[in-house]
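If you use full-length UniProt numbering, the sequence shown corresponds to residues 1 to 807, in order.
Glycine included, every Cβ here is placed at the ideal spot set by N, Cα and C.
Here the structure is a predicted model, which means the values were calculated and not measured.
First up is the structure itself, then whatever we jot down about it.
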Amino acid sequence: MRGNYSVHCVPGLVVPLWSPVSNIGLVDIVFRGTIYFLALLYLFIGVSIISDRFMAAIEVITSKEKELVVRRPGREPQIVIVRVWNETVANLTLMALGSSAPEILLSIIEIWAKNFQAGELGPGTIVGSAAYNLFVIISLCVFVIPSGETRKIKHLRVFFVTATWSIFAYVWLYVILAVSSPGVLEVWEGILTFSFFPATVLTAYVADRRLLIYKYLHKGYRMNKRGVIVQAEAGDSEIGVELEIKTQLDAISADDTGDTDDTPEAREFEQTRRDYINTLRELRKKNPTLSLEQLEVMAHEEVLGKGPKSRAFYRVQATRKMVGAGNLSRKISERAQSDLSEVKAELQRAEAESVDIESINATRIFFEPGHYTVMENVGTFEVGVTRVGGDLTKPCTVDYCTEDGSAEAGSDYIPAKGTLTFAPGETRKTIQLSVIDDEIFEEDEHFYVRLSNCSQPAMLASPSLATVMILDDDHSGIFGFPERDVELVESVGQYPLRVVRYSGARGRVVVPYRTVEGTAKPGKQYMHSEGTLTFEDNQTEKTIFLTIIEEDSYEKDALFYVELDEPQLQGGTSSWKEQFTEALTVSGGDEDEAEEGAEPRVSSPSPADYLMHSLTIFWKVLFAFVPPTDIAGGYLSFVVSIFGIGVVTAVIGDIASYFGCTLGIKDSVTAVVFVALGTSIPDTFASKVAACQDKYADASVGNVTGSNAVNVFLGIGIAWSIAAIYHARNGDPFVVEPGNLAFSVTLFCTEACLVIVVLLVRRTKSIGGELGGPFVPKVVTSAILFSLWLFYLVMSTLEAYGVIQGF
C-alpha cells in the first residue's frame, strides 16, 4: 500500500538503499524498521563472534614469554622466564582494542563513508558506549557480588591515572570543538588527540611500575606492625626500583612480643632468613619435581654452608621487581617470615647472654618451625607451637590469631582465632589452618599466625609470628614422566607411556614428543613415534602409545628414549580442522560432576543450545576461516580478525543509519541508544564473570576507565586526524558541529565524576570495596549508577530533538 511517506537516507558504504524511498506507506516503514532492527541484532552477534577470535589472538600475543639471564655476584647466571608484555600496557593497548574494536572502527569507517565529513554515528557510539560501560556495567558488577562479599581495586594508582585520562578525554573533545577552534577541527588538534593514547599508556605504566618520582624517594628498611622487615619508600612498603641498600638493619626495633631483635645475633639471623627464603625459591625453580620437604632440606644445607648473604643480593631483588609485574619470579623474599628452626640455637644463645631465662625459671612458647610453605590445594594443614623450659608440670595458655599479608582472609585462607591450652607435661600443640583453593592464577601469597597473651609464668619466645606461604597451583604446570626408566619385554607389543602434569593445570597446553634411538634402532626394535599431546584445561595426564617389535632371534637388552619438547600454551584453537569442527558442533554446556576417578559427563545440548547454534552457524563457519592462533604467533589471526571486524562494522554502520533514518531517529540517538548497547553486550557478560571470579575489582572496574579513554584517543583521534589532514590538503576546513556532542560530553563528564566519587566512598570501612558489600548499600549503588545512565539517555535524546537547549 502506497502512502505519502518518504525515507530521507544517505547511501551507505556497503549496503545499498532499500528502494523505493518515496511514496511508501506506514506499514512499509514499520516493516523496514523491523527488518533493519533484526539485522542489527544479527550483526551484533556476528561482530561479537569475530571479536572473540580477535581476543584469542591478542591473548596469545600478550602471553609471549622470553628468557632473561640474571647474574648474581659469585654465582652462576640463572635463566628466568618473563612475560614480554606488561599487564597494564597490554590492557590499555591490545586488550582495549580487542574489546572496543567495533566502536573504534565504526568511527573511522564512517569518516570514509561520508567522504571525510564528520558524522554523528561513530563519535556518538563511542560516547554512548563509554556511558554504558561506566554506568551500567559497573552497576551490574556491584550488584552481582554476593551480599557480604566485596571486591576492591588492587592497583589504585593505575585506576586514578586511567580515570583521570577518561574524564580528560571528553573534556578535551569539548575544548577542541567549542573553545580552541569552534566548529572546526584543525590538524594539530586531531594529531594531539591521538597522541594522548600513548601518553595514557605511558603514565599508566609508570604508575603500575612505580617509576620516575619513586626513584628519588628515600628508601630504607623498617619493622612493620607484624614484626616483619620491609623496605620503606616514603611511607610505602613496596620496592619499585634498583637501589643500593645501606644500613638496612639499622631501623630494626624490638618487637612487642618481647623479642630481643636489636642484638647483632638477631641481625645476623635476619640476613640468614632472607638468604633461606630466596634459596628456597631458586631451588624450586631448578628442581620442580621435588617435594616441599626435600626443597626445605636442600635450602637449609645451602644456607648454613654459605653463611651471611652479601648486600649485593638485595640489589638483585630490587632490580627484579622492575623487570616484570609478577612474572619474573615469586616475590617470596618479602612475603615470608623466618624459619627459626635452623638458627634457634643461635638465638637461644643470644637470649641466654642478654637475659638468663633459665635463672628465672621461665617457660618459653614459640612456633616450631616459624615458616610454612604449602600449595594452594593443600586444604587443611597444621602449624606447630612448642613449649620448652621452666616448670612444664603447670598448665598454661596462649592466644593465636591469623593476620593478612598479601593473602586475604576469606578469599585465600580461612581466618582462625583461639586459645591453645597446654596441659601439665604437654610440650606441643597444633593449630589447624585451611587454605582456599580457587581457579584463578595468582602470585604466591602469604599470611601470618601470631601468638599473644601467654599466661604467667610462661613468656613468648622467638618466633612468636609464623609465616604461611601459599604457592599458587593455577599455572600451566610441569610436564614429565612418572618413571625415569621403564623395562619392557619384546612381547609387550604396544606400551602406554604416561605423561603427567603437576604443579598446576591451567590452560590448554600442547606438548610435543618424539622417540630418540639409543642402542635400540627404530624400525627394528621399536617403531619411531613423534607427535603432540594436547592437555586441556585442568587435564593432568595423557598417554603416548609405543610400539615394540618382537624378534625371533636372541638379542642383548637395548634401549631408546622418549623426549618431551617445550610445552606451548594455546590461547585458541590449533588447526583449521578444529575450528570448523567447533563451528559445526552444538555445545552441550558445562561438564557434570562425576565420581572420583570417573570421566566427567558432558550434559546434552538443550533446545536453547540448538536454537542459538542455528542462529549463529553462519557466523561460526564464516569466521572459522580466520587463521588459527598458533600460526605466526597469533599475528596473522590478529590481522585477519581485525579486517573481519572492520567489514562487519561497516555493515553495522550502514544498517544503523538506515534504521534511524527510516524511523526518523537521528544518528546521534541511534548511536547512543542502539549501537552502543549492541556493541557493549559482550563486555557486559565478561565484566560480570570477572567481578564474580576475580578477588579484585581491577578487571571489571579498572579496565572500564582505561577503555573509555582509549576509545576516544584511538577512535575519534584517528578518524578526525585523517579527515583534518584530507581537508587541509584540499585547502578547506574540517567542520565538526559542536552542539550535540559538546552537550553529551559535558553531561557524561559530570556524571562520570559522580561515579568515581561513589566508588571511592565505597572503599571506606563501612562497605570495604568498590563492588559488593552489604545488601542495602549494594542495591542503592546499583540503582544510582543505572539511573545515571537512564538520565544520560533521556537528556541526550531531548537535546538532540531540540526539546532542551544544548550549548
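Rounded C-alpha distance that separates residue i from residue j
i: residue 844; j: Pro774; result: The first residue shown for the chain is 1 and the last is 807, placing residue 844 beyond what the model contains.
i: Phe580; j: Ser48; result: 18 Å
i: Asn711; j: Val398; result: 58 Å
i: Thr797; j: Ala416; result: 55 Å
i: Ser19; j: Phe618; result: 27 Å
i: Pro424; j: Val435; result: 32 Å
i: Ala409; j: Glu403; result: 8 Å
i: Val136; j: Pro146; result: 18 Å
i: Ala199; j: Val511; result: 40 Å
i: Cys454; j: Asp412; result: 28 Å
i: Glu541; j: Val378; result: 20 Å
i: Val468; j: Val144; result: 32 Å
i: Ala44; j: Asp437; result: Per the sequence shown, the amino acid found at residue 44 is Phe instead of Ala. Rounded to whole angstroms, Phe44 to Asp437 spans 37 Å at the Cα level.
i: Phe31; j: Glu582; result: 35 Å
i: Cys753; j: Ser22; result: 47 Å
i: Leu38; j: Val640; result: 26 Å
i: Ile642; j: Val509; result: 26 Å
i: Ser166; j: Asp732; result: 31 Å
i: Ser100; j: Ser657; result: 20 Å
i: Val626; j: Val60; result: 15 Å
i: Asp391; j: Glu483; result: 52 Å
i: Leu663; j: Leu40; result: 14 Å
i: His528; j: Phe535; result: 22 Å
i: Glu426; j: Gln456; result: 16 Å
i: Leu202; j: Leu156; result: 16 Å
i: Cys9; j: Lys114; result: 12 Å
i: Pro777; j: Glu110; result: 42 Å
i: Val701; j: Ala362; result: 55 Å
i: Val516; j: Glu445; result: 41 Å
i: Glu268; j: Ser406; result: With a pLDDT of only 45 at Glu268, under 50, the local geometry of the prediction cannot be trusted, and the value read off the model is given with reservation. If I take the Cα positions, the gap works out to 26 Å.
Residue i and residue j closer than 9 Å at C-beta
i: Tyr801; j: Ser744; result: no
i: Tyr170; j: Val89; result: no
i: Asn133; j: Ser707; result: yes
i: Ala676; j: Val187; result: no
i: Ile414; j: Gly384; result: no
i: Gly653; j: Gly25; result: no
i: Leu559; j: Gly493; result: no
i: Phe481; j: Leu433; result: no
i: Ile548; j: Tyr526; result: yes
i: Phe159; j: Thr705; result: yes
i: Ser51; j: Pro682; result: yes
i: Phe748; j: Ala130; result: yes
i: Phe734; j: Ala723; result: yes
i: Val562; j: Leu497; result: yes
i: residue 819; j: Trp720; result: Outside the shown range of the chain (1 to 807) lies residue 819, about which nothing can therefore be said.
i: Gly33; j: Phe659; result: yes
i: Cys396; j: Gly418; result: no
i: Ala466; j: Tyr448; result: yes
i: Ala207; j: Val161; result: yes
Residues sharing a beta bridge with residue i, DSSP
i: Arg450; result: Cys401 and Leu465
i: residue 890; result: Lying outside 1 to 807, the shown extent of the chain, residue 890 is not represented and no answer is given.
i: Glu445; result: Ile470
i: Ala458; result: Thr363
i: Arg498; result: Thr543
i: Phe535; result: Val509
i: Pro522; result: Tyr526
i: Lys429; result: Val385
i: Tyr635; result: DSSP, once it has assigned bridges, lists no residue as partnering Tyr635.
i: Ala409; result: Tyr413
i: Gly370; result: BP columns for Gly370 are empty, so no partner.
C-beta neighbour in chain B for residue i, strict 9 Å
i: Gly46; result: Reference to chain B is not applicable here, since this structure consists of a single protein chain.
Check: residue i C-beta below 8 Å from any heavy atom of the ligand GTP
i: Val761; result: The ligand GTP is not among the ligands present in this structure, which contains no ligands whatsoever.
Exercise. At a cut of 8 Å, does the region 12-20 reach the region 627-646 through at least three beta carbon pairs?
Worked result: no
For this session: Evaluate contact between the region 116-124 and the region 768-788, counting only Cβ atoms and requiring at least three cross-stretch pairs below 8 Å.
Result: no
Exercise. Is it true that the region 688-700 meets the region 171-191, where meeting means three or more beta-carbon pairs spaced less than 8 Å apart?
Worked result: No, the region 688-700 is not in contact with the region 171-191.
For this session: Would you be able to state if there are at least three C-beta pairs under 8 Å between the region 445-462 and the region 490-505?
Result: Because the criterion of three Cβ pairs below 8 Å is not met, the region 490-505 and the region 445-462 do not touch.
Exercise. Considering only residues of the region 79-167, which uninterrupted alpha helix (DSSP H) runs meet the minimum length of 4 residues and lie entirely inside it, listed in chain order?
Worked result: 87-90, 96-113, 121-131 and 138-144
For this session: Pair every Cβ in the region 88-106 with every Cβ in the region 647-667, then say whether three or more of these pairs are closer than 8 Å.
Result: yes
For this session: Return the chain-ordered ranges of every alpha helix (DSSP H) run that is complete within the region 661-733 and spans a minimum of 4 residues.
Result: 667-670, 676-693, 703-710 and 717-730
For this session: Say whether the region 760-771 touches the region 150-157, bearing in mind that this needs 3 or more beta-carbon pairs closer than 8 Å, one atom from each stretch.
Result: yes
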